[in-house]
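Trainee: In UniProt numbering, the protein residues as written are 1 to 135. Every residue, glycine too, gets a C-beta built ideally from N, C-alpha and C.
#1: Beta carbon of residue 48, beta carbon of residue 20: below 9 Å?
#2: Over the uninterrupted beta strand (DSSP E) stretch that includes residue 118, give me the two end residues.
#3: Using only the alpha-carbon positions, how far apart do residue 119 and residue 31 sit?
#4: Reducing DSSP to helix, strand and coil, say where residue 83 ends up.
#5: So what does DSSP say about residue 152, is it helix, strand or coil?
#6: When DSSP labels each residue in this structure, what does residue 55 get in the three-state scheme?
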């Protein structure tokens with residue numbers, strides 16, 4: 001499988017887990033010491049335990065509000081790095097749908113990941129997300 005196809009498949013599985021609220025399974029797609037640097041977090045999230053706690057809280061809040069979020073990654077650019085890791089850059093769209101309402105585009109972002117292989121599986125080592133509406 002080409003690195004591009006491998007990354008596309010990884011993102012499909014990764015986002016399905018996120019949107020399903022499967023915090024532990026989603027966090028397992030990061031390395032044990034993986035980081036998530038993004039808007040809304042004063043400091044990068046570090047490690048699976050922080051990822052699980054943050055994602056679980058967000059999923060519970062969305063469920064209580066009757067909101068379903070969907071993440072879409074597209075325009076994916078994959079670069080193989082000299083160390084064999086992959087750098088993936090893509091556009092990320094986040095949609096929100098509240099029960100009985102039309103879907104709304106919530107955010108447009110750029111996502112930059114460093115992906116590594118562990119036991120033959122891709123994992124996020126470092127994620128950097130920027131929002132288009134913020135400096």
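Mentor: So, from the data block:
#1: Contact: no.
#2: First-last of the beta strand (DSSP E) with residue 118: 104 to 118.
#3: Distance between the alpha carbons of residue 119 and residue 31: 11 Å.
#4: Here residue 83 sits in coil by DSSP.
#5: This structure leaves residue 152 out entirely; the chain is present only between 1 and 135.
#6: The answer is helix: DSSP assigns residue 55 an H, G or I state.
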